[in-house]
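Here my numbering is used: the first residue of the sequence shown is 19, the next is one more, and so on.
C-beta: ideal position from N, C-alpha, C; glycine also.
This one's a predicted model, so the numbers in the text were calculated from it and none came from an experiment.
To start, the structure under review is shown below, and the notes come after it.
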Amino acid sequence: IGGEESVGIVKKLTKRNGDLSAIFSINTNGCNVLHLAACEGHLEVCRYLVEELGGDVNAPGGGDVAEGATPFMLSAQSGHVSTVKYFLDHGGDLVKGLNKGRTVLHHAVCIGCCKVTEFLLSKGVPVDIDCGHGTPLYMAAINEQDKTVKILLDHHANPNIIISGANSPLMSALVYRSLKCMKLLIKVSILWTTFP
């Protein structure tokens, strides 16, 4: 379901109750309706929820699934640049990290959303941002996302940053058996060591 059909369903749900903001109290595993629409990239539903019902693009989700992720962060997983741009234009925080140390860029790179990754980097997200649990390059490597690893390296991500005193993106790619990521990281690590 997408577009106007989804907006119609949401409007019917809010009319039944009378309290328009009550729609945000409905949640699944810590995600409210805005989180879910964002994750699926349903731009028209997101627009309605934000503009008509006052949904907060930076509201942290709860529970084990959302783990503090905001609708803006989850929109990065949708692969829809238009939805990510909408949330950014409506106050999405580019550098906010959730309790697991992930930012909107971490969310994009972890599942291999290349266009969203490029878009976020073009908006000034620091390529080596680390909110406590690793850089986007590290997260892309442990999730075996060689395409986003390449994008991050093309944007001069530091391949030699050590995470938690022991791990680097290269070591993580080795542990997770991602040969494509390993090859990219070895090539760039040699260049960084030779020409820092």
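With respect to the 8 Å criterion, I147 and L123 are classified as neighbours on the basis of their beta carbons. In the DSSP secondary-structure assignment, N185 is bridged to I181.
Of the residues I160, S190, R120, E136, the one whose Cα lies closest to the Cα of A84 is R120. Look at the region 121-165 and you find these whole runs of alpha helix (DSSP H), each 4 residues long or longer: 122-128, 132-140, 154-160. As computed with DSSP, C49 is found in a beta bridge with T46. The region 175-187 makes no contact with the region 127-144: fewer than 3 CB pairs, one atom from each, lie closer than 8 Å. For D111, no alpha helix (DSSP H) segment is defined, and its DSSP state is neither H nor E. Counting along the chain, no alpha helix (DSSP H) covers V68, and no H or E run does either.
A direct Cα-to-Cα measurement between N45 and I204 gives close to 44 Å. Around the beta carbon of N161, 16 or more other beta carbons lie within 10 angstroms, which makes this residue buried.
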